[in-house]
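S.K.: Please see the structure below; I have some questions.
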Amino acid sequence: MLFQEEEGKVDKQRNISLDIIKVVMAYCVVLLHQSAFYMVHHSADEIEAPAIRFILENGLFRIAVPFFLVVSGYFFVKINNFSGFVKWCLRVGKLYVFWSLCYMLLCYYFNKFPAHWTDFIFGYMHLWYLLGTLLGGTLLWFMRKVTIRNLLLVAFLIYFLGLIIQEVSLCNFIKGPVGIYLSSTPVARNFFFFCFPIMSLGYAISKTNYDGKYHKNGIMLILALVLVACESYAQYIFVGYKSIDVMLMTPIAAALLFIYFKNMDITINSNYKLLVPLFSTAIYLGHWAVLLFLQDVDFFTQIIIVTILSLILVFLHRWVKFIL
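Position in the sequence shown counted from 1, then plus 2, gives you my numbering.
See the structure below:
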């Protein structure tokens with residue numbers, strides 16, 4: 003989602019299978035945040051089929067962000083010198099600063115979710131992903147010389163530690179100021195515990211050519227999705243209806259989803275090569291404005307408006323490159 007190499011080669015045909023699943027994942031993020039807004043005004047006792055809703059909201063939809071991180075880690079291999087790394091950092095940094103300023107000004111003007119200076123440190127609302135990718139990618143750059151085996155080992159240990167921190171906070175094992183601090187979302191879901199480990203997974207897939215060796219495996223993908231649902235349901239039963247960000251199975255499911263669609267062959271004419279890959283980025287960056295300021299609009303209308311706004315952003319990108 004954050005690599006120019008993905009945004010269109012100048013060949014006559016472009017394989018858009020990966021672009022299509024990126025759009026699907028972007029809409030999953032929209033659905034996740036729609037559900038989150040709904041839960042602000044409703045308790046778990048007031049909703050129908052809470053278990054199914056929980057599995058979607060805190061299970062299957064949660065695959066989306068790890069998927070984008072796997073993609074970013076996979077294409078991070080293309081950065082083979084320091085100037086390329088700086089160019090990548092500037093691209094992500096410009097996106098983060100531009101959209102942070104846009105949302106902060108909008109929220110200040112309409113008196114919605116007023117921003118604090120710490121939001122620039124942890125990421126304002128859904129823009130934490132951009133900051134996490136920037137810092138996680140920076141850490142990955144400095145560890146690129148480490149063997150893949152050691153990189154994956156370090157990544158797993160860091161990710162697992164973040165998972166433990168989240169579970170400890172959800173179960174309220176620690177009380178007082180420390181418990182309050184641990185319950186803060188950025189503590190476990192940040193560049194170190196979340197973004198870097200998953201980007202490392204994508205990086206390792208590319209370095210080892212794992213996607214080329216194993217191609218599509220629908221059975222493994224379905225099994226991974228089932229395990230994500232089972233893990234989510236276990237959280238619902240034993241912890242309750244509490245929002246979760248870090249899951250054991252979502253990175254694995256995201257990686258298998260990436261491999262499956264990357265090896266699928268769906269081509270289009272190069273005239274559309276910029277529209278499809280940028281569309282997912284536009285959905286992710288712009289959707290929060292629609293959900294934030296049109297909360298009283300029905301579900302399907304929100305989706306339509308998000309789609310229209312995203313198409314407008316893709317169109318504007320022709321003249322204003324830094325918006326996407």
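Glycine is no exception: its CB is placed at the ideal position from the N, C-alpha and C atoms. Keep in mind that this is a model prediction, so the values were computed, not measured.
Does the distance from the CB of T252 to the CB of R64 come in under 7 Å?
M.R.: Within the sequence shown, residue 252 is the residue found at index 250, counting from 1. Within the sequence shown, residue 64 is the residue found at index 62, counting from 1. Going by C-beta atoms, T252 is nearer than 7 Å to R64.
S.K.: Quick check: what's the CA-CA separation for Y161 versus G139?
M.R.: Stepping through the sequence shown from its first residue, residue 161 is reached at position 159. Stepping through the sequence shown from its first residue, residue 139 is reached at position 137. Distance between the alpha carbons of Y161 and G139: 15 Å.
S.K.: Starting from the C-beta of M222, find all residues in its chain whose C-beta is less than 7 Å away, skip the five residues before and the five after it, and write them out in chain order.
M.R.: On the sequence shown, residue 222 is found 220 positions in, with the first residue counted as 1. Around M222: L258.
S.K.: Excluding the five sequence neighbours on either side, which residues of its own chain have a C-beta within less than 7 Å of the C-beta of L277, listed in chain order?
M.R.: For the purposes of this step, residue 277 is identified with residue 275 of the sequence shown, where counting begins at 1. Answer for L277: V316, listed in chain order.
S.K.: Between which residues of its own chain and I325 is the CB-CB distance below 7 Å, once the five residues before and five after are set aside?
M.R.: In the sequence shown, the residue the question calls residue 325 occupies position 323. Taken in chain order, the residues that qualify are F100, L315, L318, H319.
S.K.: Below 8 Å on the Cβ atoms is my contact criterion, and I expect V94 with L136 to pass it. Report the Cβ-Cβ distance as a whole number of Å.
M.R.: Within the sequence shown, numbered from 1, the residue matching residue 94 stands at position 92. Within the sequence shown, numbered from 1, the residue matching residue 136 stands at position 134. About 5 Å; that satisfies the 8 Å criterion.
S.K.: Applying the 10 Å Cβ sphere with the 16-neighbour rule, what's the burial state of D13?
M.R.: Along the sequence shown, one-based indexing puts residue 13 at 11. With a pLDDT of 48 at D13, under the threshold of 50, the modelled position of this residue cannot be trusted; read the value that follows with caution. The residue in question, D13, is exposed, as its Cβ has fewer than 16 Cβ neighbours within 10 Å.
S.K.: Could you tell me the distance, in whole angstroms, from the CA atom of Q36 to the CA atom of R151?
M.R.: The residue you call residue 36 lines up with position 34 of the sequence shown. The residue you call residue 151 lines up with position 149 of the sequence shown. Their Cα atoms are separated by approximately 39 Å.
S.K.: As a quick exercise: from C91, F175, L142, pick the residue whose alpha carbon is nearest that of V241.
M.R.: For the purposes of this step, residue 241 is identified with residue 239 of the sequence shown, where counting begins at 1. The option with the nearest alpha carbon to V241 is F175.
S.K.: Terminal residues of the continuous alpha helix (DSSP H) containing G138?
M.R.: Start at 1 with the first residue of the sequence shown, and residue 138 comes out as number 136. 130 to 144 is the span of the alpha helix (DSSP H), which, as asked, contains G138.
S.K.: Mind checking F295: buried by the 16 CB within 10 Å criterion, or exposed?
M.R.: As a first step, residue 295 is located in the sequence shown; it is residue number 293 there, counting from the start. That one is exposed.
S.K.: Would you kindly check if the distance between the Cβ of Y126 and the Cβ of Y105 is under 7 Å?
M.R.: Sequence index remark: in the sequence shown, residue 105 carries index 103 (1-based). Sequence index remark: in the sequence shown, residue 126 carries index 124 (1-based). Cβ distance < 7 Å, so Y105 and Y126 count as in contact.
S.K.: Using a Cβ distance threshold of 8 Å, determine whether the segment 201 to 210 contacts the segment 233 to 248, with at least three qualifying pairs required.
M.R.: Counting C-beta pairs closer than 8 Å gives fewer than three between the segment 201 to 210 and the segment 233 to 248, which falls short of the contact rule.
S.K.: Hey, I268 and A226: beta-carbon distance below 7 Å or not?
M.R.: As a first step, residue 268 is located in the sequence shown; it is residue number 266 there, counting from the start. As a first step, residue 226 is located in the sequence shown; it is residue number 224 there, counting from the start. In this structure, A226 does not lie closer than 7 Å to I268 by Cβ.
S.K.: Out of K24, V25, I306, F56, which has the shortest C-alpha to C-alpha gap to A236?
M.R.: As a position in the sequence shown, residue 236 is number 234, starting the count at 1. Considering only alpha carbons, the answer is F56.
S.K.: Nearest to N83 by CA position, among L71, F144, Y29, is which residue?
M.R.: Translated into positions along the sequence shown, residue 83 becomes position 81. Considering only alpha carbons, the answer is F144.
S.K.: Should K24 go down as buried or exposed, given a rule of 16 or more other Cβ atoms within 10 Å for buried?
M.R.: Position 22 of the sequence shown, counted from the first residue, corresponds to residue 24. K24 should be labelled buried.
S.K.: Going by C-alpha distance, which of I166, S208, Y286, M266 is nearest V79?
M.R.: The count along the sequence shown starts at 1 and reaches residue 79 at position 77. For the residues I166, S208, Y286, M266, the minimum Cα distance to V79 belongs to S208.
S.K.: Under the rule that 16 or more other beta-carbon atoms within 10 Å means buried, what is N60, buried or exposed?
M.R.: In the sequence shown, the residue the question calls residue 60 occupies position 58. Answer is buried; the Cβ neighbour count reaches 16.
S.K.: For a quick check, are the C-beta atoms of D300 and I261 less than 7 Å apart?
M.R.: Within the sequence shown, residue 300 is the residue found at index 298, counting from 1. Within the sequence shown, residue 261 is the residue found at index 259, counting from 1. Not closer than 7 Å, so no.
S.K.: Use the C-beta contact count for K11: other C-beta atoms within 10 angstroms, 16 or more gives buried, fewer gives exposed.
M.R.: As a first step, residue 11 is located in the sequence shown; it is residue number 9 there, counting from the start. Note on K11: pLDDT 45, under 50, position unreliable in the model; the coordinate value appears next. When all chains shown are included, K11 counts as exposed.
S.K.: Please determine, among I307, I81, A291, the residue with the shortest C-alpha to C-alpha distance to L107.
M.R.: What you label residue 107 is simply residue 105 of the sequence shown in a count that begins at 1. Considering only alpha carbons, the answer is A291.
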